[in-house]
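Plus 36 on top of the position in the sequence shown (first one is 1) and you've got our numbering. To start, the structure under review is shown below, and the notes come after it.
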Amino acid sequence: NMLEELLIHKPDDPIQFMIDHLKQNNDDAPRICVLGPPASGKTTVAMWLCKNLDAIRISQETLLFKETLALTKEAKAYQERKQKIPSALWANLIQERLSNVDCIKQGWVLEGFPENQEQAWMLQSSGIIPRHVVVLYAPDTVLIERNTGKRLDPITEEVYHTTFDWPSDPVIQQRLVKPEDLSEQEVSKKLLEYHRNFPAVFQIYQKVLKSINADQPSVDVLSQVLTYVQTRHRSAAPFTPRILFCGPPGSGKSLQAALIAQKYSLVNICCGQLLKEAVADKTKLGELVKPYIDNGYPVPDNLVMRILAERLNALDCMTNGWVLCGFPRDRKQGEQLQKSHIPN
């Protein structure tokens with residue numbers, strides 16, 4: 037994230053810029069976009085994510101009616117004249133809102149934006165780069181049917197449906213209102229526009245985007261979304277794998293380690309085999325280990341660690357990476373391994 041900010045802002049004093057960034061920003065805070073066609077469940081997913089991640093929800097509605105931003109009045113003027121709000125104004129509104137301390141510290145979930153390639157580019161040029169983009173999809177016939185049964189809780193702003201998601205609480209049922217939604221013909225028109233614009237948005241965000249089927253129980257949708265947004269994307273930086281296989285006897289550690297090592301050209305290290313090789317090669321450490329193995333006693337941890345460290349420090353392990361199984365077997369051994377060779 038800091039590298040992205042440097043490339044975007046090109047500060048005169050990069051060192052001071054990075055110091056300020058580290059003081060202010062929380063690079064682990066969620067930065068999520070929830071996109072999809074009309075009635076796909078964007079609001080429900082965005083609100084649920086904010087509850088679970090303690091993030092700030094940003095949507096076109098919240099920007100216009102809940103925020104007191106410098107550009108809100110200008111945007112409302114367009115709406116009152118029944119004119120389309122320009123993409124540049126939306127991007128500036130979002131940038132202004134995301135620069136607030138709560139969004140920086142807690143993270144944000146941006147709902148329903150960007151809608152097209154132009155808006156996506158404007159967000160990027162403003163330095164707004166989501167870590168995860170969730171795209172909900174469902175057949176158009178399902179979306180049109182959903183739109184007619186949508187109901188809104190005016191107090192919590194949660195969205196319900198007469199068929200798919202009706203609340204069990206009678207109090208909530210009584211206060212639900214039908215939102216000023218689009219007619220079936222208008223929804224069809226919006227869907228056509230979405231299908232025309234979305235492929236270009238997909239191209240921009242394809243490396244951080246996941247499509248999720250919204251035509252399934254809401255619990256499953258929300259579970260899949262949360263699982264995705266909690267994953268970290270793999271870095272393109274050079275990477276030397278240091279893999280540890282653990283498990284009870286007979287669980288297949290050795291086989292899986294061998295398969296992984298073969299597939300990715302890693303050094304396969306089995307701790308038990310390593311000790312036997314040290315004895316067979318008659319090394320100094322092997323001579324110390326031999327009496328324990330011959331008499332069937334456990335080899336002391338300090339000897340095991342010395343032999344293991346020597347192997348892990350070899351050039352092939354340092355260059356290609358390694359897969360280790362059979363060690364550690366307990367917490368003490370794990371702590372010793374962690375001091376010298378941390379698995380990643």
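Beta carbons: idealized from backbone N, C-alpha and C, even for Gly.
1. To the nearest whole angstrom, what separates the beta carbons of VAL171 and SER247, a pair I think is in contact under 8 Å?
2. For ILE279, I'd like the list of residues in its chain whose CB is within less than 6 Å of its CB, leaving aside the five on either flank, ordered along the chain.
3. Just list the residues that DSSP pairs GLU147 with in beta bridges.
4. Which partner residues does ASN249 have in the DSSP bridge list?
5. Which residues bound the alpha helix (DSSP H) around LEU212?
6. Locate the alpha helix (DSSP H) running through VAL325, then write down its first and last residues.
7. Mind checking whether ILE94 and LEU39 have CB atoms under 9 Å apart?
8. Between ASN128 and TRP202, what straight-line distance do the alpha-carbon atoms span, to the nearest angstrom?
9. Kindly list the residues whose CB is nearer than 6 Å to the CB of GLU147, restricted to its own chain and excluding five residues on each side of it in sequence; keep chain order.
10. Going by alpha carbons, who is nearest to MET341 out of LYS318, ALA316, GLN369, ASP352?
11. Under a Cβ-count criterion, where at least 16 other Cβ atoms within 10 Å of its own Cβ denotes burial, should LEU344 be classed as buried or exposed?
12. Give the C-beta separation of ILE329 and LEU311 to the nearest angstrom, bearing in mind that I take them to be a contact with Cβ-Cβ under 8 Å.
13. By how many angstroms is the C-alpha of PRO235 removed from the C-alpha of LEU212?
14. Please tell me whether LEU245 and PRO74 are closer than 9 Å, where the distance is taken between their beta carbons.
15. Measure the Cβ-Cβ separation of LEU100 and GLN115 and say whether it is below 9 Å.
16. Short check: CB of ASN233 to CB of GLN153, under 9 Å?
17. Which residue comes first and which comes last in the alpha helix (DSSP H) that contains VAL303?
18. Look at the alpha carbon of ALA350 and the alpha carbon of LYS375, and state the distance between them as a whole number of angstroms.
19. Can you tell me whether DSSP reads TRP202 as helix, strand or coil?
20. From the DSSP output, which residues share a beta bridge with ARG278?
21. Measuring only the C-alpha atoms, how far is ILE44 from GLY163?
22. Return the chain-ordered list of same chain residues with a C-beta closer than 7 Å to the C-beta of PRO336, the five sequence neighbours on each side being excluded.
23. ASP205 to GLN52, Cα distance in whole Å?
24. What is the rounded straight-line gap between the Cα of MET354 and the Cα of SER301?
25. Can you have a look at VAL36 and say buried or exposed, based on whether 16 or more other CB atoms are within 10 angstroms of its CB?
Taking the geometry as given:
1. That belief holds up - the Cβ atoms of VAL171 and SER247 are roughly 5 Å apart, short of 8 Å.
2. Here the set comprises VAL359.
3. Beta-bridge pairing links GLU147 to VAL70.
4. Partner(s): TYR173.
5. From DSSP, LEU212 is part of no alpha helix (DSSP H); its letter is neither H nor E.
6. For VAL325, the uninterrupted alpha helix (DSSP H) segment begins and ends at 320-330.
7. Cβ distance not < 9 Å, so ILE94 and LEU39 don't count as in contact.
8. Going from the Cα of ASN128 to the Cα of TRP202 covers about 37 Å.
9. Within the same chain, GLU147 has close Cβ partners VAL70, LYS78, ALA82, SER95.
10. GLN369 is the residue among LYS318, ALA316, GLN369, ASP352 whose C-alpha sits nearest the C-alpha of MET341.
11. When all chains shown are included, LEU344 counts as buried.
12. The pair is a contact, with the Cβ atoms about 7 Å apart (cut-off 8 Å).
13. The alpha-carbon separation between LEU212 and PRO235 amounts to approximately 35 Å.
14. Not closer than 9 Å, so no.
15. In this structure, GLN115 lies closer than 9 Å to LEU100 by Cβ.
16. Yes, they are a contact pair.
17. Boundaries for VAL303: no alpha helix (DSSP H) harbours it, while the beta strand (DSSP E) harbouring it runs 303-306, taken from the DSSP string.
18. Going by the C-alpha atoms only, they are around 17 Å apart.
19. Coil at TRP202, not helix or strand.
20. Looking at the DSSP output, ARG278 sits in a beta bridge with TRP358.
21. Answer to the nearest angstrom: the Cα atoms are 6 Å apart.
22. The beta carbon of PRO336 is closer than 7 Å to none in its chain, skipping five residues each way along the sequence.
23. One C-alpha to the other measures close to 54 Å.
24. Between the alpha carbons of MET354 and SER301 lies a gap of roughly 13 Å.
25. Lying before the first or after the last residue shown, residue 36 is absent from the chain, which here runs from 37 to 380.
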